[in-house]
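Note sheet for the following structure.
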Amino acid sequence: MNMDVIKTFTEQMQGFAAPLTRYNQLLASNIEQLTRLQLASANAYAELGLSQLQAVGKVQDAQSLAALGTVQLETASQLSRQMLDDIQKLNALGLQFKEELDTLAADGIKKSTGKA
577 MNMDVIKTFT EQMQGFAAPL TRYNQLLASN IEQLTRLQLA SANAYAELGL
627 SQLQAVGKVQ DAQSLAALGT VQLETASQLS RQMLDDIQKL NALGLQFKEE
677 LDTLAADGIK KSTGKA
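Residue numbers (my numbering): 577 to 692.
Below, the structure is given as structure tokens:
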């Protein structure tokens, strides 16, 4: 009798904790991916900034100053592409997280209504 009660209690606790565990796993995974994205973006922007510093350091005359203007235009274009790429990656990450949460919620609803 006592073993049945303990077994039932254990099963109920596992049923209760499983969705919470899955949610925590999804959240941790999302935070990890977001952190990796931010680090990659920060690295790309830092490299871009350093290359600009190097280009400015090479200016010695009017001709090299004119060449710097061309480099600045290319850099602005590269910066725009990088920002667009970062936004697209962030959007995809958010959509993936939403879909996984929707699946988790749907599974929880199915289990709670007994339609498994």
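Ideal placement from N, C-alpha and C gives every residue a C-beta, glycine not left out.
Where residue i and residue j are concerned, what is the direct C-alpha to C-alpha distance, given to the nearest angstrom?
i, j, result
"S605", "A682", "20 Å"
"M659", "Q639", "30 Å"
"G690", "I582", "23 Å"
"K634", "T651", "16 Å"
"Q648", "Q628", "8 Å"
"D661", "G625", "18 Å"
"N619", "Q630", "16 Å"
"Q588", "L680", "18 Å"
"T646", "Y621", "19 Å"
"S688", "T611", "34 Å"
"A642", "S653", "17 Å"
"A593", "F585", "12 Å"
"I540", "L671", "The question about residue 540 has no answer, for the chain in this structure spans 577 to 692."
Which whole-angstrom value describes the C-beta separation of residue i and residue j, a residue pair presumed to lie in contact below a C-beta threshold of 8 Å?
i, j, result
"L669", "L603", "Not a contact, Cβ separation roughly 13 Å."
"V632", "L615", "Not quite, the Cβ-Cβ distance comes to about 26 Å (not below 8 Å), so this is no contact."
For residue i, tell me which candidate among the options has the shortest Cα-Cα distance.
i, options, result
"Y599", "T689, F673, K687", "F673"
"S617", "L671, D580, L677, S656", "S656"
"L677", "L641, L666, T597", "T597"
"I607", "L666, K686, F592", "L666"
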